[in-house]
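Let me begin by presenting the structure, written as structure tokens, before commenting on it.
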Amino acid sequence: MAKTTRSKAASSSKGRASKPSKSKRKKSPVDDLIAQKNGPAIVGPSRSGSRWRRMTRWLVKRLVIVALILVLLPFALIALYTVPAVNPVSALMVWQRVSGTEITREWVALDDISPFVVQSIVSSEDGKFCSHSGVDWDAVNTVVSDVLEGERPRGASTVSMQAAKNLFLWNSRSVLRKGLEVPLALAADKVWGKRRMMEIYLNIAEWGPGIFGIDAAAQHHFGRSAKKLSRRQASRLAVVLPSPLTRNPAKPSRSLARMARRVEGRAKQSGAYIRCLKPQ
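One point on numbering: in the working numbering, the residue at position 265 of the sequence shown is 261, and numbering is uninterrupted.
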């Protein structure tokens, strides 16, 4: 009897041992489907890498948007400045106002500026103003040749390029800035036309510390309006433009006065060169 009891107990124990535990049961096909749907478990490093990739994509998108705005904004402003009632301000004027520097500028229409000023500016700054489309390619080719031959390059900047630089770019000389001037000058010259181009240029050019525009320059240096400037005064103002912070048109040095006399002489014979600036 005892043997029978022990045998049954052993048999019962063996049967219990043969049953698989819940913790070690085999995966069913349903488990495999759930695992495939949910994907692999995400651990710490992968989650961190994913967050970094999202941040990088977000930053790249924002940088692309900013770059597009910087590229397109000048062209949008060029279109806006075709409106005669809009009086543009230069990048330098904005910077000086933001930095607290006092500036003087009084906008005047081209018809309210002495014709001697226009003659002198064309004679001094851009003799082909009426014949080019914003860029003097002959002058550009000459500059490139001079650089390749190791010679000191002469200026190839036109009134249109100077206006584009004053409005949208910075003053320091660099190949990048010159490269940016070209498409802006071509676009502005095409959209504005010659009279509007000259009007904008004369009203944003710097003629001394905090002195912007031809009328402010005429009042400051000669005590009269831009419309009443004489031929000599106009020629002196024209030769100041390359270095307005160091040259004084009211009290010119001997070399500056000599330059002004040469410009004055050319201005007297500039009729054919300023035909595009005459009222229609």
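We put the beta carbon where it would ideally sit given N, CA and C, even for glycine.
- Excluding the 5 residues flanking it on each side, Val259 has same chain C-beta neighbours closer than 8 Å at Ser116, Ser119, Ser120, Ser231, Ala234 and Val235, in chain order.
- In the structure shown, the three-state DSSP call for Ile196 is helix.
- A distance below 6 Å between beta-carbons, with the five flanking residues on each side excluded, links Trp166 to no residue of its chain.
- The way I'd put it, the segment 101 to 114 does touch the segment 203 to 213; three or more beta-carbon pairs between them come closer than 8 Å.
- In the structure shown, Thr100 adopts extended strand secondary structure according to DSSP, grouped into three states.
- The DSSP assignment places 133 to 144 as complete runs of the alpha helix (DSSP H) inside the segment 126 to 153, in order along the chain (cut-off: 4 residues).
- By the 16-neighbour rule on beta-carbons within 10 angstroms, Val67 is exposed.
- In this structure the segment 247 to 266 does not touch the segment 139 to 153; the number of beta carbon pairs closer than 8 Å is below three.
- Selection Ile270, Arg257 and Leu198 evaluated against Val104 yields Leu198 as nearest (Cα-Cα).
- Taking the Cβ atoms as the reference, Tyr77 lies roughly 10 Å from Pro70, outside the contact range of under 8 Å.
- For Ala87, same chain residues with a beta-carbon under 8 Å away, outside a window of 5 residues either side, are Asn162, Leu163, Phe164, Leu165 and Trp166 in chain order.
- Contact between Gly206 and Ile99 holds, with the beta-carbon distance rounding to 5 Å and staying under 8 Å.
- Ala152 and Asp132 do touch by the CB rule: their CB atoms are close to 6 Å apart, below 8 Å.
- Straight-line spacing of the CA atoms in Arg228 and Val56 works out to 56 Å.
- Secondary structure of Ile74 (DSSP, three-state): helix.
- Apart from the 5 residues on each side of it in sequence, Pro240 sits with its Cβ closer than 6 Å to the Cβ of Glu202, Trp203 and Gly204 in its chain, given in chain order.
- Under DSSP, Ile207 forms a beta bridge with Thr100.
- Between Thr154 and Phe112, the C-beta spacing is not below 9 Å.
- A direct Cα-Cα distance of roughly 49 Å separates Met193 from Trp48.
- Looking at the DSSP output, Glu177 shares a beta bridge with no other residue.
- Each residue's CA atom was taken as its position, placing Val139 and Gln265 some 27 Å apart.
- Between Cys272 and Lys190 a beta carbon distance of about 4 Å is seen, short of the 8 Å cut, so the two are scored as contacting.
- Distance from Gly130 to Ser170 at the Cβ level is roughly 20 Å; contact not present, criterion being Cβ atoms closer than 8 Å.
- Residue pairing by DSSP puts Glu202 in a beta bridge opposite Phe208.
- The C-alpha of Gly96 lies about 28 Å from the C-alpha of Pro80.
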